[in-house]
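To start, the structure itself, in structure tokens.
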Amino acid sequence: MKKYFYFVCIIFLNFQVFAQQDTTAFAAQRVKVNSLLAERSSKFGQYDESLNQRTGIFGWQTKRDIKNSNEILRQVVLTDNNIFKELKILMDYKDLQNQQKVAVADNSQERLENYMQTIKKLQDQNEELNKELSKQSKSWSTYIIILLILVIIGGFYFYSKKLQKYKKYEKSAI
Numbered sequence: 204m205k206k207y208f209y210f211v212c213i214i215f216l217n218f219q220v221f222a223q224q225d226t227t228a229f230a231a232q233r234v235k236v237n238s239l240l241a242e243r244s245s246k247f248g249q250y251d252e253s254l255n256q257r258t259g260i261f262g263w264q265t266k267r268d269i270k271n272s273n274e275i276l277r278q279v280v281l282t283d284n285n286i287f288k289e290l291k292i293l294m295d296y297k298d299l300q301n302q303q304k305v306a307v308a309d310n311s312q313e314r315l316e317n318y319m320q321t322i323k324k325l326q327d328q329n330e331e332l333n334k335e336l337s338k339q340s341k342s343w344s345t346y347i348i349i350l351l352i353l354v355i356i357g358g359f360y361f362y363s364k365k366l367q368k369y370k371k372y373e374k375s376a377i
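Take the sequence shown: its letters are residues 204 to 377, numbered as in the working numbering.
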């Protein structure tokens, strides 16, 4: 019994550790996405500033200003692509968690149905055993009644024999 208890405890702890690992990975992924979003916001602020920079003659933008703005915009797009990749991974974690919840629910439902079937089977066996016991008790009572009838008949037979012998003895004694 102790072996089974320890076995169940070990399995339960393994499931708990697995769930914690998933939660930790999910939290780490969220932190990564949030840092990428902060980086994107920062780069977009730089891009907005670069659009307002006008280092050319008469306050016009030069080619270098436009190239700088385009480079910052390209970095924003690359950051956006990284965000999408990380969000995809985050969604995969979430899908995995949902699948695990569904699997646990299905497993619980299956176990519940198995328990119900086992209980039904045991109830049927119990009912059948009660019927069999009832039949056996009826047969025993029948045997007892027959035995009592035979004892009464035997007693009556021996009593009548003894009575006949006593009558013969009385007749011969007179």
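By construction, the Cβ of each residue, glycine as well, lies at the ideal position given by its N, Cα and C atoms. Bear in mind that the values here come from a model prediction, so they are computed numbers and not experimental data.
Asked	Found
Neighbourhood of asparagine 237 by C-beta, 8 Å cutoff - its chain only, sequence neighbours within 5 removed	none
Separation of leucine 239 from leucine 299, as counted between CA atoms	23 Å
Element boundaries [alpha helix (DSSP H), containing isoleucine 260]	Counting along the chain, isoleucine 260 falls outside any alpha helix (DSSP H), and DSSP gives it neither H nor E.
CB contact flag (glutamine 232, isoleucine 292, <8 Å)	yes
Simplified DSSP assignment, three categories, for glutamine 264	coil
Cβ separation of valine 279 and lysine 235, assumed to be a contact under 8 Å, to the nearest whole Å	Contact flag wrong, Cβ pair sits at about 18 Å.
Neighbourhood of asparagine 285 by C-beta, 8 Å cutoff - its chain only, sequence neighbours within 5 removed	Leu239
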